[in-house]
Amino acid sequence: MFYFPAEYFLQVYSLPLIPEVRFQKDYFSEYPEQIRVSGDVSLRTAVSYTRKPGYYAIHYNQPKTVAVGAILRLNDGAIAVFSGEPNQSEKDILSPVYTLESNASLAVPTGLVFIRFAESVDVESQREVINRAGYEVTESLSYAPHTAWLRAKSGKIIDAIARISQLEAIANVENVEPQMLMERSLR
2 MFYFPAEYFL
12 QVYSLPLIPE
22 VRFQKDYFSE
32 YPEQIRVSGD
42 VSLRTAVSYT
52 RKPGYYAIHY
62 NQPKTVAVGA
72 ILRLNDGAIA
82 VFSGEPNQSE
92 KDILSPVYTL
102 ESNASLAVPT
112 GLVFIRFAES
122 VDVESQREVI
132 NRAGYEVTES
142 LSYAPHTAWL
152 RAKSGKIIDA
162 IARISQLEAI
172 ANVENVEPQM
182 LMERSLR
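Each residue of the sequence shown is one higher than the one before, starting from 2 at the first, in the working numbering.
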């Protein structure tokens, strides 16, 4: 009979140690993973933004805010992009960061949505339908009365993004697009 020490047996037949895996909390799980912008309905073009894990944006009330550690500042410093995990105490002013599918540029939703109706349809005539969809007109464009900038009635960025399909369902709508700010690139 052949005997092996117990330590040798455990060493040979035990599974290798598995390091502890810690999953990063998804702070923006209520936001869509991907935002597809249909562009001009007649052309059937589409742009896609994909949520970028490990990044977040802080939306400040005042422009030119000093954001220490920001990797990108947008809108005169009113929006700052950071890498890492956000501080939950700032939950009301946080948003996810997306990347543009075609060139991986960082993009931040502002909560504004652009809508364009057929040229024969004035935005003012559609104000009630827009309100029922959960939006309010924040800026009508005098040079293009069939277009406007909208904001969700709640004022929340997530609501502005989540209800886009309701705007697209309105009769005579030709284009609906969330405003996504990106770093300006020189050509």
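Backbone N, C-alpha and C define an ideal beta-carbon position, used for all residues, glycine too.
Keep in mind it's a predicted model, so treat the numbers as computed, not measured.
If you follow the beta strand (DSSP E) that A153 is part of, which residue opens it and which one closes it?
Residues T148 to A153.
Expressed to the nearest angstrom, what Euclidean distance is found between the alpha-carbon atoms of L49 and S126?
Leu is not the amino acid found at residue 49; the sequence shown has Ser there. It is roughly 31 Å from the alpha-carbon of S49 to the alpha-carbon of S126.
Check this for me: beta carbons of T100 and K53, under 8 Å apart or not?
In this structure, the beta-carbon distance from T100 to K53 falls below 8 Å.
Return yes when the Cβ of L182 is within less than 8 Å of the Cβ of A68, no when it is not.
Not a contact, by the Cβ cut-off of 8 Å.
In this structure, how does DSSP classify V69 when only helix, strand and coil are distinguished?
If DSSP states are grouped into helix, strand and coil, V69 belongs with coil.
So what does DSSP say about S166, is it helix, strand or coil?
Three-state DSSP puts S166 in a helix.
Taking buried to mean at least 16 other C-beta atoms within 10 Å of its own C-beta, is S96 buried or exposed?
Under this definition S96 is a buried residue.
According to the Cβ coordinates, are N76 and F118 closer than 8 Å?
No Cβ-Cβ contact shorter than 8 Å links N76 with F118.
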